[in-house]
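Take 3 as the starting number for the sequence shown in our numbering and just add one per residue.
Taking it in order: structure first as structure tokens, then the write-up.
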Amino acid sequence: MTIAERIQSQLDTLTRAERQLAHSILENYPASGLGPLSALARDAQVSAPTVARMVLKLGFKGYPDFQAELREELRAKVQSPIAKHDTWAEGAPSGHVLNSFTEAVIDNIRLTLAQVEPALFDAACALIGDTKRPLFIVGGRVTHTIAEYLFLHMQVVRRGVTHIQSTSNAWPHYLLDAQEGDVFVIFDMRRYENNTLKLAEMAHEKGAKIILFTDQWRSPIHSVADICFSNRIVVPSAWDSMATTLLLVETVISAVQDVNWQTTRGRMETLEDMFDQTKLYRKFT
């Protein structure tokens, strides 16, 4: 587990001062804990013994071990594909890649779902399915593919859906129509993109609701997100895995289609009629 995941899993067991410290760490994670212990205590407005006590609760021998883990997480956040490949190659698991890769993906799914709060997931689906709120879907250089997948299905499920390419010079145009209460679903994984962060910040300033799909280290966008889903993405490859993110997205699609099923069903029937008229799909009967 990352330190953020450890903190989130133990929030209910922390004292008031420790919870104050936990939220301070998470606000600028993982950089918040890289300075001296006294600086972290001062920023969180707690005592130094509170910091030392919580570090022990998180399973570390002391503050130096806590910082060493944070530095390792920070290094992992910025790894290039070549560096990730070399990391896995140094300790290549035995057995066929089909087995080792699948085991990594299954672990990612298990660990991710353990961190997803059902109430937050339901709240995200309610926002995405609320037809009174325009919906904007945003992906980056790699994540645009999964953003397009969600967009394609949401076009069928509801009206008022816009797909924004965050790498496009035209994305500020989309924000002209954004208003308070609009919903932005944003995908941003490690090697986080500056364009996507700026877009999220500007949407937040307009009062939009932001639902973020990110990795276990969390994109900087999490600081302005209303709901954040942290997905495990590490596999024995130079590339990160989107399998867990796709699982969550397909679950969102399944849940949102039922939010306003009668309307969704009517849209599906109309679309199927269009497919028949255009002969898009072959008919075997």
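We put the CB at the ideal spot given by N, CA and C, even for glycine.
It should be emphasised that the depicted structure is a prediction, and the values quoted were computed from it without experimental measurement.
- Nearest to cysteine 230 (by Cα), restricted to the options Val159, Val118, Met204, Gln264: Val118
- Considering histidine 146, what are the terminal residues of the alpha helix (DSSP H) in which it resides? Counting along the chain, the alpha helix (DSSP H) containing histidine 146 begins and ends at 146-159.
- Message: Pairs of beta-carbons, one from the region 220-235 and one from the region 157-172, closer than 8 Å: are there three or more?
- Response: no
- Query: Taking the Cβ atom as the reference point for each residue, do tyrosine 2 and alanine 6 lie within a distance shorter than 8 Å?
  - Reply: Absent from the structure is residue 2, since the part of the chain shown begins at 3 and ends at 287.
- Nonlocal neighbours in the same chain, by C-beta distance under 8 Å from isoleucine 111, ignoring five residues either side: Arg234, Ala245, Thr246, Leu249
- Message: Is it buried or exposed, methionine 156, if we count other Cβ atoms within 10 angstroms and call 16 or more buried?
- Response: buried
- Task: Could you please give me the residues that DSSP links to lysine 215 through a beta bridge?
- Result: Before going further, note that residue 215 is phenylalanine rather than lysine in the sequence given. According to DSSP, which records beta bridges pairwise, phenylalanine 215 is partnered with Phe189, Phe231.
- Which of the three DSSP states, helix, strand or coil, is assigned to glycine 35? helix
- Message: For a quick check, are the C-beta atoms of glutamine 264 and valine 159 less than 8 Å apart?
- Response: no
- What three-state label does DSSP hand valine 140 in the structure shown? strand
- Task: Note down the Cα distance separating asparagine 196 from glutamate 252, rounded to an integer number of angstroms.
- Result: 27 Å
- Residues of its chain near tryptophan 90, where Cβ-Cβ distance is below 6 Å and the 5 sequence neighbours each way are ignored: Annotation note: pLDDT 49 at tryptophan 90 (below 50); position unreliable, coordinate value reported separately. Cβ within range, chain order: Pro238.
- Query: Rounded to whole angstroms, how far is the Cβ of phenylalanine 138 from the Cβ of alanine 70, which I believe are closer than 8 Å?
  - Reply: Rounded, the Cβ-Cβ distance is 40 Å, inconsistent with contact.
- Using three-state DSSP, classify tryptophan 90 as helix, strand or coil. Unreliable placement is indicated for tryptophan 90, whose pLDDT of 49 sits below 50; the coordinate value is still reported in the next sentence. The answer is helix: DSSP assigns tryptophan 90 an H, G or I state.
- Query: Quick one: what does DSSP say threonine 52 is sitting in, helix, strand or coil?
  - Reply: Secondary structure of threonine 52 (DSSP, three-state): helix.
- Should glycine 142 and phenylalanine 189 be called a contact, given that it needs their Cβ atoms to be closer than 8 Å? yes
- Message: Below 8 Å on the Cβ atoms is my contact criterion, and I expect alanine 128 with valine 261 to pass it. Report the Cβ-Cβ distance as a whole number of Å.
- Response: 7 Å
- Task: Just mark glutamate 20 as buried or exposed, buried being the case when its beta carbon has 16 or more other beta carbons within 10 Å.
- Result: Its Cβ being crowded by 16 or more others within 10 Å, glutamate 20 is buried.
- Backbone secondary structure at histidine 98 - three-state DSSP: coil
- Kindly indicate which three-state DSSP category valine 163 falls into: helix, strand or coil? Here valine 163 sits in strand by DSSP.
- Task: May I have the straight-line CA-CA distance separating threonine 145 from aspartate 14, to the nearest angstrom?
- Result: 33 Å
- Quick one: what does DSSP say aspartate 179 is sitting in, helix, strand or coil? coil
- Message: Restricting to Cα atoms, I'd like to know which of Thr17, Pro174, Ala116, Arg18 is closest to serine 232.
- Response: Checked all of Thr17, Pro174, Ala116, Arg18; the closest Cα to serine 232 is Ala116.
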